[in-house]
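Asks: The following block contains the structure, expressed as structure tokens.
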Amino acid sequence: MNTRDSTTLPAPLTGPDSEPADNAVPAFARQRPFGFLLLVTGVVGFIASGILVLERLELYKDSGHTTSCDINPWVSCGRVMKTWQSELFGFPNPLIGIAAFAVIITIAMAILSGARFSRWYWFGLQTGVTLGMVFVAWLWSQALFEIYILCLYCMIVWAAMIPMFILLTVRNMAHRVIKVPAGLARAASELAWTLVAVVYVGVAASVFLRFFNAFLGA
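Heads up: the sequence shown begins at 23 in this note's numbering, then just goes up one per residue.
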């Protein structure tokens, strides 16, 4: 008499939309490392945004308030907060940061707890972080070429957003959330941290060159 196992294990997913195994993607793009990366950048951005909101509330109460990063005429959160660019949508920009980074922290905690998200979820996160990076790039351009004043806590937000955006994008390429040729995904994975470093150096160089005379006391 022939017997058969009544349970049949499903075949592993190997289609174009399947999630690759952790050992098939760069170390930072694996489940727990990437959750930790999102957590760190999210917390840094949240704290910097929170400080900016608190300082802004003090300025509402006292227009002569000296903020904790009013270092000199060229590095002054207080002076930046009095420009129209600091309230692009009619309310303080850091409120957007608090809400957005809170979402990032929540997602990071879920990932670290073992949650697995569908492709559409990662695509939505990519869209949100990309929009945030575009906003940061605009604020950088305004600080350097229009306002000509730096905001220390704003720059901390920039520092959090740069690796978040680049590494999320590369992670989504590696996991096929963003469909690109395999060679491009592999190259991006190999150069991910180099790209982060290059952008950091580029931003730092732009600040130094733009404020060169100010740094020299001219």
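Where a beta carbon is used, it is the ideal one built from N, C-alpha and C, also for glycine. The structure displayed is predicted, hence computed values, not measured ones.
Do Val-199 and Trp-144 have their C-beta atoms within less than 8 Å of each other?
Replies: Yes, the Cβ-Cβ distance between Val-199 and Trp-144 is below 8 Å.
Asks: Alpha carbon to alpha carbon, how far is Trp-61 from Asn-194?
Replies: Sequence check: residue 61 is Leu here, not Trp. Distance between the alpha carbons of Leu-61 and Asn-194 is about 17 Å.
Asks: Cutting at 7 Å between CB atoms, please list the residues of its own chain near Ser-228, excluding the five before and the five after it.
Replies: Here the set comprises Leu-166.
Asks: Tell me the rounded alpha-carbon separation between Thr-128 and Gly-224.
Replies: So the alpha carbons of these two residues sit roughly 31 Å apart.
Asks: Would you grab the beta carbon distance between Phe-50 and Ala-214 for me? Rounded to a whole angstrom, and I think it's under 8 Å.
Replies: Confirmed, Cβ separation roughly 7 Å.
Asks: Counting only the same chain and skipping the five closest in sequence on each side, list residues whose C-beta sits under 7 Å from that of Ser-71.
Replies: Correct list, in chain order: Pro-116, Gly-119, Ile-120, Phe-123 and Val-179.
Asks: Could you check what DSSP says for Arg-97 in three-state terms: helix, strand or coil?
Replies: Looking at the sequence provided, one finds Val at residue 97 rather than Arg. Val-97 falls in the strand class under three-state DSSP.
Asks: For Glu-77 versus Ser-90, is the C-beta distance shorter than 8 Å?
Replies: In contact: Glu-77 and Ser-90 (Cβ atoms closer than 8 Å).
Asks: Give the secondary structure of Ile-238 by DSSP, where H, G and I count as helix, E and B as strand, and everything else as coil.
Replies: First, the amino acid is wrong: residue 238 is Leu here, not Ile. In this structure, Leu-238 counts as coil in the three-state DSSP scheme.
Asks: Flag this pair as yes or no: are the beta carbons of Val-75 and Ala-182 separated by less than 8 Å?
Replies: No, these two residues do not count as a Cβ contact at 8 Å.
Asks: Is it right to say Leu-238 is buried, meaning 16 or more other beta carbons lie within 10 angstroms of its own, or is it exposed?
Replies: Exposed.
Asks: Of the choices Arg-101, Cys-173, Arg-141 and Ile-126, whose alpha-carbon is the least far from that of Phe-187?
Replies: Minimum Cα distance to Phe-187 is reached at Ile-126.
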